[in-house]
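Engineer: Take 1176 as the starting number for the sequence shown in the numbering used here and just add one per residue.
Even for Gly, the Cβ is constructed at its ideal location relative to N, Cα and C.
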Amino acid sequence: MPKTDTKARILYIYQMLLQETDKEHDITIQQIIDKLEASGISAYRKTVIADIEQLKDFGADIVGVRSSQNRYYMNSSLFTLSELKLLVDAVECSQFITPFKSKMLIEKLCSLTSRHNSDSLGCHIYMSQRLKSDNEDIFSVVDSVNTAVNLKRQITFQYYEYDVEKKKVLRNGGERYVLSPYGMTWEDGRYYVIGFSVKHGKIVTFRVDRMSSVEISEGVYIPKPDDFNIVDYVNKVFRMYDDEIVTVTLKCKNELMKSVIDRFGTDVKTEPCSKSSFNAIVDVAASQTFFGWVFQFGGDIRIVKPAKVKRAFLEMGKKIFGE
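1) Could you pull the DSSP bridge partners for residue 1367 from this structure?
2) Going by the CB atoms, is the gap between residue 1431 and residue 1477 shorter than 8 Å?
3) Which partner residues of residue 1203 appear in the DSSP bridge assignment?
4) Take residue 1445 as the anchor and find which of 1427, 1460 and 1462 has the nearest alpha-carbon.
5) Taking the alpha-carbon positions, what's the residue 1416 to residue 1472 distance?
6) State yes or no: is the C-beta of residue 1328 within less than 8 Å of the C-beta of residue 1392?
7) Could you say if the stretch 1399-1408 and the stretch 1331-1346 meet the contact criterion of at least three C-beta pairs nearer than 8 Å?
8) Are the CB atoms of residue 1365 and residue 1351 nearer to each other than 8 Å?
9) Could you please give me the residues that DSSP links to residue 1334 through a beta bridge?
10) Could you give the distance in angstroms between the alpha-carbon of residue 1315 and the alpha-carbon of residue 1257?
11) Looking only at its own chain, which residues have a Cβ that is under 6 Å from the Cβ of residue 1176, when we skip the five neighbours before and after it?
12) Give me, in chain order, the residues of the same chain whose beta-carbon lies closer than 7 Å to that of residue 1457; leave out the 5 immediate sequence neighbours on both sides.
13) Quick one: Cα of residue 1184 to Cα of residue 1255, how far?
14) Indicate whether residue 1207 and residue 1188 have their beta-carbon atoms separated by less than 8 Å.
15) In whole angstroms, what separates the C-alpha of residue 1193 from that of residue 1201?
16) Helix, strand or coil: which one does DSSP assign to residue 1441?
17) Go to residue 1489, then tell me how far its alpha helix (DSSP H) extends in each direction, as first and last residue.
18) For residue 1455, report the span of its beta strand (DSSP E) as first-last.
19) Please report how far the alpha carbon of residue 1242 lies from the alpha carbon of residue 1261, in whole angstroms.
20) Tell me which same chain residues have a C-beta within less than 8 Å of the C-beta of residue 1271, skipping the five on either side of it?
21) Please go through the same chain and pick out, in chain order, the residues whose beta-carbon is closer than 7 Å to the beta-carbon of residue 1447, but skip the five residues on each side of it.
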């Protein structure tokens, strides 16, 4: 026989609205009564309505929808879905958190939204075993990309870089890129989306914080090849390094400001060197990874000082060419 427990009833109703409802998923009075009775608590239409009104007076953001039978849902929670997605991904990718602790934290984060939203927080982050963005729209960009991955839909977007004055410039005159996204990875504090690019005709990565005006498209989605392994791809594209940090001065061609900012962030210290070049003063690990990054520019970025780093770079060159 169901029991009458006013305190338990109102707590059950609050938990029910918090975990079971959102803007897309409401609940009727009768459904609330049925769920309460399944938990051994008797309830009547008038008492449930009175309890909901009491919760609203307490500050709960509960919305009532007038219909043949009144319907209700919880309008807000502590975090938005896109904010929770970022937190879940950050926990998943944090190397200093154990798999067990990661699972516990993610379960707690998922409990902060309805079970319907919780199901869509599935991990689309793939990380290799290893600078803050100034894009204020990063939450909505991540949300759109994640939705497209879930639905297997194309996205279109604009992509920007930096000129020599560190100003944002849209690539290709603002042309929209078309991508079939397969997943995202978080490397060195940055988000990247991995997918098939129509423009490039192959699988590529894009910096999520460099994407703008992202829209989910009705275009034909190109599925991930059966033999394509996202984790292997991430491990090949991204590398880590760990070594002593030193301050290095680099002489760079003006057109490489975007590459310097990509590597060291917008706060990198720079100064004019000539009409065609500038100096960048950076703190780096003087490792083979750093030397490889410098080498890829074929002399358009040169190490100026300190002398010991220049010598180490030259020694590496000699080893490469067997001299």
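Structural biologist: In short:
1) Position 192 of the sequence shown, counted from the first residue, corresponds to residue 1367. Among the bridge pairs identified by DSSP, residue 1367 is matched with 1360 and 1382.
2) Along the sequence shown, read from residue 1 onward, the residue named residue 1477 stands at position 302. Along the sequence shown, read from residue 1 onward, the residue named residue 1431 stands at position 256. No. Outside cutoff.
3) Residue mapping note: residue 1203 aligns to position 28 of the sequence shown, counting from 1. Paired residue(s): 1246.
4) For the purposes of this step, residue 1445 is identified with residue 270 of the sequence shown, where counting begins at 1. Minimum Cα distance to residue 1445 is reached at 1427.
5) Position 241 of the sequence shown, counting from 1, holds the residue named residue 1416. Position 297 of the sequence shown, counting from 1, holds the residue named residue 1472. Unreliable positioning characterises residue 1416 in this predicted model, as indicated by a pLDDT of 37, which lies under 50. The coordinate reading is nonetheless provided below. Residue 1416 and residue 1472: Cα-Cα distance of roughly 20 Å.
6) Working through the sequence shown from its first residue, we reach residue 1328 at position 153. Working through the sequence shown from its first residue, we reach residue 1392 at position 217. Yes; because the gap between Cβ atoms is below 8 Å, this pair is in contact.
7) When Cβ pairs closer than 8 Å are counted between the two stretches, the stretch 1399-1408 is seen not to touch the stretch 1331-1346, the count staying below three.
8) Looking up residue 1365 in the sequence shown gives position 190. Looking up residue 1351 in the sequence shown gives position 176. No, the Cβ-Cβ distance between residue 1365 and residue 1351 is not below 8 Å.
9) Here residue 1334 refers to the residue found at position 159 of the sequence shown. Bridge partners of residue 1334 according to DSSP: 1386.
10) Within the sequence shown, residue 1315 is the residue found at index 140, counting from 1. Within the sequence shown, residue 1257 is the residue found at index 82, counting from 1. Straight-line Cα distance between these residues: approximately 7 Å.
11) What you label residue 1176 is simply residue 1 of the sequence shown in a count that begins at 1. Bear in mind that a pLDDT of 39 at residue 1176, under 50, signals an unreliable position, so the number given afterwards is only what the model happens to contain. Excluding residues up to 5 positions away in sequence, nothing lies with its Cβ nearer than 6 Å to the Cβ of residue 1176 in the same chain.
12) By one-based count along the sequence shown, residue 1457 stands at place 282. Hits under 7 Å: 1423, 1425, 1439 and 1443.
13) Start at 1 with the first residue of the sequence shown, and residue 1184 comes out as number 9. Start at 1 with the first residue of the sequence shown, and residue 1255 comes out as number 80. The straight-line gap from Cα to Cα measures roughly 27 Å.
14) Position 32 of the sequence shown, counted from the start, is the residue given in the question as residue 1207. Position 13 of the sequence shown, counted from the start, is the residue given in the question as residue 1188. Taking 8 Å as the Cβ cut-off, residue 1207 and residue 1188 qualify as a contacting pair.
15) For the purposes of this step, residue 1193 is taken as residue 18 along the sequence shown, with counting starting at 1. For the purposes of this step, residue 1201 is taken as residue 26 along the sequence shown, with counting starting at 1. Spanning the two alpha carbons is a distance of roughly 11 Å.
16) As a first step, residue 1441 is located in the sequence shown; it is residue number 266 there, counting from the start. In the structure shown, residue 1441 sits in coil (DSSP, three-state: anything other than H, G, I, E or B).
17) Numbered from its first residue, the sequence shown carries residue 1489 at position 314. Taken as a continuous stretch (DSSP letters only), the alpha helix (DSSP H) holding residue 1489 covers 1482-1495.
18) Translated into the one-based positions of the sequence shown, residue 1455 becomes position 280. Looking at the DSSP string, the run of the beta strand (DSSP E) that includes residue 1455 is 1452-1460.
19) Within the sequence shown, the letter at position 67 stands for residue 1242. Within the sequence shown, the letter at position 86 stands for residue 1261. Inter-residue distance for residue 1242 and residue 1261 is about 36 Å (C-alpha atoms, whole angstroms).
20) Taking the first residue of the sequence shown as 1, we reach residue 1271 at position 96. Bear in mind that a pLDDT of 47 at residue 1271, under 50, signals an unreliable position, so the model cannot answer this.
21) Here residue 1447 is taken as the residue at index 272 of the sequence shown, counted from 1. The beta carbon of residue 1447 sits closer than 7 Å to the beta carbons of 1453 from its chain, once the five residues preceding and following it are set aside; these are given in chain order.
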